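All the letters of the sequence shown, read from the start, carry residue numbers 1 to 59 under my numbering. Worksheet: the structure to be examined is printed underneath.
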Amino acid sequence: MNDRYQVGGSLAFDATSYVERLADSPIYDALLRGEFCYVLNSRQMGKSSLLVRTKHYHC
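Here it is as structure tokens:
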């Protein structure tokens with residue numbers, strides 16, 4: 001089964017199709033410093049997938 005592409009829903013933390021954005025690293029760093037972060041964007045833009053990856057790799 002080819003699971004490279006997914007339509008709808010959050011991607012798994014280890015999804016090969018996740019594209020790391022320039023803003024991802026500063027968010028990780030700010031959270032590690034204990035700062036509150038808001039992620040605002042329109043629908044289907046990766047907010048939930050970012051949350052899944054952040055929870056797995058940085059908590």
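Cβ atoms here follow ideal geometry from the backbone N, Cα and C, with glycine treated the same way. Remember, it's a predicted structure, so these values are computed and weren't measured experimentally.
Would you kindly report the start and end of the unbroken alpha helix (DSSP H) that includes residue i?
| i | result |
| --- | --- |
| Leu50 | 47-58 |
| Tyr38 | Careful: Tyr38 lies outside any alpha helix (DSSP H) and carries neither H nor E. |
| Ser25 | 24-32 |
Would residue i pass as a contact of residue j if the rule is Cβ separation under 8 Å?
| i | j | result |
| --- | --- | --- |
| Leu32 | His56 | no |
Quick one, which of the options has its alpha-carbon nearest residue i's?
| i | options | result |
| --- | --- | --- |
| Leu50 | Gln6, Arg21, Tyr5, Ser42 | Arg21 |
| Val7 | Val52, Ser48, Gln44 | Gln44 |
| Ser25 | Cys37, Ala15, Asp14 | Cys37 |
Return the Cβ separation of residue i and residue j in integer angstroms, given the expectation that the two are a contact with Cβ distance under 8 Å.
| i | j | result |
| --- | --- | --- |
| Ser48 | Ser17 | Wrong, their Cβ atoms sit about 14 Å apart, outside the cutoff. |
| Phe13 | Val39 | About 16 Å separates the two Cβ atoms, so there is no contact after all. |
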